[in-house]
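**Student:** Just so we're aligned, residue 1 is where the sequence shown starts under the UniProt record's numbering, counting upward by one.
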Amino acid sequence: MIIDAHCDVLWKLWENPERSFFNSSDLQVNFEKWMRSPVKVQCFAIFVPETVAGAAQFDVALEMVQLFKERIIDPYKEIVWVKNQEDILSLAPNERGAVLTLEGCHPISDQISRLKTLIQLGVRAVGLTWNQGNAVADGVGESRGAGLTDFGKEVVYYLNQERIWTDVSHVSYKGFWDAIQLAEYPMASHSNAYAVAPHPRNLDDAQLRALIEKRAFIGVTYVTEFLNLSLEAFRKDVVRHMKHIINLGGENSLGFGSDFDGTDKVVTGLEDYTDYESFISQMVTTHFKGETVKKVCYENFIRTFPRKI
Ligand SMILES: [Zn+2]
């Protein structure tokens with residue numbers, strides 16, 4: 001069993017409505033592949049691209065909620081929309097869970113009511129930023145490098161109150177430290193170790209330790225340049241990041257956040273859902289003991305899911 005904390009299929013479906021979630025071969029995550037894979041629960045991110053004009057961004061976020069329901073949940077009796085820890089624990093053996101998340105607060109602008117709406121609609125993890133700055137904080141790509149705004153603090157307080165994950169992947173360095181101080185339920189859905197691959201999207205040891213101290217979920221991601229800064233990455237690169245995080249004490253935090261369908265460059269041998277089974281059975285079980293494999297594959301995600309019922 002595997003839980004994957006991040007993919008961008010919703011964006012792919014929105015970008016090209018011709019794509020079929022059932023079996024489009026250019027989707028790394030589709031229904032057919034999912035049913036053949038060991039993935040039990042998948043998080044689906046609402047990601048509104050920068051090309052969408054400011055005023056329309058919230059509308060597009062709502063369109064993606066609707067896409068999630070109409071294209072992923074409703075057509076398949078096997079797929080269950082999971083909104084809390086109990087929902088995951090209650091999945092029948094033949095069922096798979098789908099979690100709705102938000103990648104970046106730019107679609108809410110500076111309106112807390114929009115955040116409230118998205119949570120009401122089922123969003124269970126909220127990324128503070130994508131790479132650019134927004135009304136909440138700066139992202140890693142914003143040279144100003146500012147931390148949380150007053151509105152950003154309001155956002156995190158609301159997420160705490162509602163027991164929703166505050167996702168720090170993509171946020172600026174200062175934004176990370178502001179968030180980690182305030183967030184009761186921090187997580188990094190798809191980030192790797194800076195000490196292994198010094199990319200601004202990765203987390204340095206101090207950041208990883210801070211997440212580990214808070215017993216927060218950390219999802220290693222299969223984006224080639226976050227694995228080894230080059231154009232080609234392999235399964236062993238993913239394992240290097242996993243080992244580093246475990247060596248820092250992250251055995252109870254580590255998990256997966258693939259970023260499938262969010263990146264063009266794929267890891268050789270971990271190209272889509274169909275490779276998960278052999279990746280786990282050949283690589284992960286070779287390098288980690290059985291108890292650790294279970295924690296990384298699914299237990300850490302389930303235990304840290306803030307919304308219990
Ligand atoms: Zn991302």
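Note that the Cβ used here is the ideal one computed from N, Cα and C, for glycine as well.
(1) Let me check you understand the geometry: is the CB of His-199 closer than 7 Å to at least one non-hydrogen atom of ligand 1?
(2) How is the alpha helix (DSSP H) around Leu-89 delimited, first residue to last?
(3) Who are the near neighbours of Val-82 in its chain, counting only those whose CB is closer than 6 Å to its CB and skipping five residues on each side?
(4) Using 8 Å as the threshold, is the segment 36-52 in touch with the segment 272-287, meaning 3 or more CB pairs across them?
(5) Please list the segments of the beta strand (DSSP E) lying wholly inside the segment 161-203, counting only runs of 3 or more residues, in order along the chain.
(6) Regarding Gly-262 and ligand 1, is the C-beta to nearest heavy atom distance less than 7 Å?
(7) Classify Leu-248 as helix, strand or coil using the three-state DSSP reduction.
(8) How long is the line joining the alpha carbons of Ile-46 and Gln-282, rounded to whole angstroms?
(9) Mind pulling the alpha helix (DSSP H) runs of 4 or more residues that sit fully within the segment 30-79?
(10) For a test of the three-state rule: what should DSSP assign to residue 333, helix, strand or coil?
(11) Is Val-168 closer than 8 Å to Leu-231 when the C-beta atoms are compared?
(12) Taking only runs of the beta strand (DSSP E) that begin and end inside the segment 93-163, which ones reach a length of at least 3 residues, in chain order?
(13) Run the CB neighbour count on Glu-291, radius 10 Å, all protein chains shown included, and call it buried at 16 or more, exposed below.
(14) Per DSSP, Val-267 is paired with what?
(15) Hey, would you say Asp-261 sits closer than 8 Å to Val-29, going by beta carbons?
(16) Excluding the 5 residues preceding and the 5 following Leu-67 in the sequence, name in chain order all residues of the same chain whose CB lies nearer than 8 Å to its CB.
(17) What I want to know is whether the C-beta of Ser-281 ends up closer than 7 Å to one or more non-hydrogen atoms of ligand 1.
(18) Can you find the residues in the same chain that come closer than 6 Å, C-beta to C-beta, to Val-60, ignoring five residues on each side of it along the sequence?
(19) Does the Cβ-Cβ distance between Asp-74 and Gln-42 come in under 8 Å?
(20) Helix, strand or coil: how does DSSP classify Gly-262 here?
(21) Go ahead and pull the three-state DSSP assignment for Val-82.
(22) Decide yes or no for the touch test of the segment 192-201 against the segment 230-247: beta carbon pairs closer than 8 Å, at least 3 of them.
(23) From Arg-235, Glu-213, His-241, Lys-295, pick the residue whose C-alpha is nearest to that of Pro-186; which is it?
(24) Consider the C-beta atom of Ala-170 and the heavy atoms of ligand 1; say whether any pair is separated by less than 7 Å.
(25) By DSSP's criteria, Leu-254 is part of a beta bridge. Which residues make up the other side?
(26) Can we count His-106 as close to ligand 3, meaning its CB is less than 7 Å from some heavy atom?
(27) For Asp-4, list the residues DSSP reports as bridge partners.
(28) Quick one: is the Cβ of Glu-103 within less than 7 Å of any heavy atom of ligand 1?
(29) Would you kindly report the start and end of the unbroken alpha helix (DSSP H) that includes Ile-212?
(30) What do you get for Phe-217, buried or exposed, if any count of 16 or more other CB atoms within 10 angstroms of its CB means buried?
(31) Give a single yes or no on whether Asp-167 has its beta carbon closer than 7 Å to a heavy atom of ligand 1.
(32) I believe Ser-109 touches Ala-135 by the beta-carbon criterion, under 8 Å. Please report the beta-carbon distance rounded to the nearest angstrom.
(33) Can you look up Phe-21 in the DSSP assignment and give me helix, strand or coil?
**Tutor:** With the structure as the only source:
(1) no
(2) 85-89
(3) Ile-88, Gly-97, Val-99
(4) yes
(5) 165-167, 186-188
(6) yes
(7) coil
(8) 32 Å
(9) 31-36, 57-67
(10) Residue numbering for the chain in the displayed model covers 1 to 309; residue 333 lies beyond these limits and cannot be assessed.
(11) no
(12) 96-102, 123-127
(13) exposed
(14) Leu-270
(15) yes
(16) Leu-10, Leu-13, Trp-14
(17) no
(18) Val-48, Val-52
(19) no
(20) coil
(21) coil
(22) yes
(23) Glu-213
(24) For clarity, residue 170 is His in the given sequence; the question names Ala instead. Result yes, Cβ under 7 Å from ligand 1.
(25) Ile-218
(26) What this structure holds is ligand 1, not ligand 3.
(27) Gln-42, Phe-256
(28) yes
(29) 205-213
(30) buried
(31) no
(32) 6 Å
(33) coil
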